[in-house]
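> Numbering (mature numbering (1 follows the signal peptide of the UniProt record, and there is no 0)), first residue to last: -23 to -1, 1 to 113.
C-beta atoms are modelled at their ideal positions from N, C-alpha and C, and glycine is treated no differently.
Structure incoming, see below.
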């Protein structure tokens, strides 16, 4: 007979493996829908030519009920000092914004001192929203 500790450890291992496998499957997609109805648009392959100061600045844009829930920056080569300014001052401006307004992201004020990064993030958000509107 199997003991409870073995069964618990096996269940936990399967749950973790399943979660990692699910996340790996989602990484290859431009857009996927979470269980709660939130769409996640990843701009890594959607906007490879949108560059900040030191290269591509991909993001994940979370959208629910036609509003941006959050914008999460992905790995990039921007200077951490300047990019932190973007994360603190620009990304929160998109939270709760209607998709129609986020589509015109160039109208959102950027982060002072991080002009190239701000422009790239705004272009990525606009591209993500456009993709969402076309493919939801």
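1. Measure the CB-CB distance between residue 22 and residue 7 and report whether it falls below 8 Å.
2. What did DSSP end up calling residue 76 once you bin it into helix, strand or coil?
3. With a threshold of 8 Å, are at least 3 pairs of Cβ atoms found where one atom belongs to the stretch 83 to 92 and the other to the stretch 39 to 48?
4. Helix or strand or just coil, what does DSSP make of residue 83?
5. With a CB to CB cut of under 7 Å and the five nearest residues on each side skipped, what residues in its chain are close to residue -10?
6. Check residue 45 in the structure and name its three-state DSSP category.
7. Go ahead and pull the three-state DSSP assignment for residue 50.
8. Cβ of residue 108 within 8 Å of Cβ of residue 40?
9. State the DSSP-derived secondary structure class of residue 102, mapped to helix, strand or coil.
10. Of all the options 106, 111, 97 and 70, which has the alpha carbon lying nearest to the alpha carbon of residue 51?
11. Keeping to the same chain, check which residues put their C-beta closer than 6 Å to that of residue 31; ignore five residues upstream and five downstream.
12. Below 8 Å on the Cβ atoms is my contact criterion, and I expect residue 80 with residue 71 to pass it. Report the Cβ-Cβ distance as a whole number of Å.
13. Cutting at 8 Å between CB atoms, please list the residues of its own chain near residue 103, excluding the five before and the five after it.
14. Measure the beta-carbon distance from residue 36 to residue 49 and round it to whole angstroms, keeping in mind my assumption that it falls under 8 Å.
By the coordinates alone:
1. yes
2. When secondary structure is reduced to three states using DSSP, residue 76 falls in the helix class.
3. With contact defined as three or more Cβ pairs closer than 8 Å, the stretch 83 to 92 and the stretch 39 to 48 are not in contact.
4. helix
5. Confidence in residue -10 is poor, its pLDDT being 44 and thus under 50, which makes the residue's placement unreliable; the coordinate value appears in the next sentence. Correct list: empty, nothing qualifies.
6. In the structure shown, residue 45 sits in a strand (DSSP, three-state: E or B).
7. Correct three-state label for residue 50: strand.
8. Not a contact, by the Cβ cut-off of 8 Å.
9. helix
10. 97
11. 54 and 55
12. Under the criterion of beta carbons closer than 8 Å, residue 80 and residue 71 do not qualify as touching, at roughly 11 Å.
13. 79, 80, 81, 82 and 83
14. 6 Å
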